[in-house]
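If you count by the working numbering, then the sequence shown holds residues -7 to 251, one letter each, in order.
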Amino acid sequence: MSSEPILKGKTALVTGGGRGIGRAIALHLAGMGADIVLTYVRNQAPAEEVAAQICSMGRQARALHANLARSEHIQRLFDELEADGTGLDILISNAASGFNRPALQQKESGWDYTQNVNVRAFLLAAQRAVPLMEQKGGGVMVAISSPGSQRVLPDYVSVGASKAALEALTRYLAVELAPKNIVVNAVSPGVVETDALKHFSVMGNPEVLKRASSLTPAGRLVQPEDVAGVVGFLCTPAASMIRGQVIVVDGGYTLLPPL
């Protein structure tokens, strides 16, 4: 007799779940039995396609528009989640943005936008998610970070600073929410082969990607599904004693000194 999917009956919110890593996470959690709510900003069609694919798996799914740089959009998103009465078991803070340029060329507006999407959105979402998770007896939060939080990457100062703050926020939330039976962690992927790489001239260079692959001990670049698998594990009871940690998924790339 086959056992029930481990996340059956759970509801997961995946921000930026229409493409790349977010898409892989949404599909993986659905495969583990969860119903999915995913958000998008501009790319509605891919988000709707992911939702349709999840529904074809026998799970419930919907794609909601939310610009996470705007606090009123976050509040509206959670108002909708509260209104449907299903509660929330899992929050995946995946959506991210940034303006890649040197520190001395950063503009205040770009800096603020990056921090709001990458850090503040997780804080505001967590504040609204906690009551919904308490209704279910607890929950899980996972934030998606970046090695740029620790290592200096070209023109990455705004995103790197935001990811460093995100990791600090993860630790604080992990301690504060532990008595509420809410588990909080972060996952830090290395260079992941997604469409997002095309937006960055350095990473989007095929030769750079080829060199990064050759320098990865695992022998290949990280795939979105690699990240999704780790996120999925962190959402299970087996990971309940992992708290406030940043799990690096990079095939060993950051273990070696830069050449």
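Virtual Cβ for every residue (Gly too), placed ideally from N, Cα, C.
Legend entry - M233 to G221 span [Cα, whole Å]: 18 Å
Inset, instruction - Following the continuous beta strand (DSSP E) through P38, name the residue where it begins and the one where it ends. - result: Per DSSP, P38 belongs to no beta strand (DSSP E); it is in the alpha helix (DSSP H), 36 to 48.
Legend entry - Distance, G90 Cα to N110 Cα: 8 Å
Legend entry - Backbone secondary structure at Y148 - three-state DSSP: coil
Inset, instruction - Compare the C-alpha of L30 against each of A18, V151, E100 and name the closest. - result: A18
Inset, instruction - Would you identify the three-state DSSP class for T208, choosing helix, strand or coil? - result: coil
Legend entry - Assigned exposure category for P216 - 16 Cβ within 10 Å defines buried: buried
Legend entry - Inside the region 122 to 178 only - beta strand (DSSP E) runs reaching at least 3 residues: 131 to 136
Legend entry - 7 Å Cβ shell around G182 - same chain, five flanking residues per side excluded: P139, V214, V241, D242, G243, Y245, T246
Inset, instruction - Return the first residue and the last residue of the alpha helix (DSSP H) that I66 is part of. - result: 63 to 76
Legend entry - For N86 and G14, the rounded distance between their alpha carbons: 6 Å
Legend entry - Candidates G12, I46, V33, of which the one nearest L21 by Cα: I46
Inset, instruction - Can you say whether L38 is buried or exposed, counting buried as having 16 or more other CB atoms within 10 angstroms of its CB? - result: Looking at the sequence itself, residue 38 is Pro, so the reference to Leu does not match. Label assigned to P38: buried.
Legend entry - Inter-stretch contact (C-beta, 8 Å, three-pair minimum) for the region 107 to 126 and the region 63 to 70: yes
Legend entry - Residue environment, S206, which counts as buried when at least 16 other CB atoms sit within 10 Å: exposed
Inset, instruction - Put A26 into one of helix, strand or coil per three-state DSSP. - result: coil
Legend entry - From Q237, L116, L226, residue whose alpha carbon lies closest to that of A166: Q237
Inset, instruction - Would you list the residues sitting across from H57 in a DSSP beta bridge? - result: Y32
Inset, instruction - Could you have a look at P229 and say whether DSSP puts it in helix, strand or coil? - result: helix
Legend entry - Beta-bridge partners of S180, as assigned by DSSP: V240
Legend entry - Sequence-distant residues of its chain with Cβ nearer than 8 Å to G50 (five each side left out): none
Legend entry - Extent of the continuous alpha helix (DSSP H) run through S101: 100 to 107
Inset, instruction - Name, in chain order, the residues that DSSP records as bridge partners for S85. - result: A135
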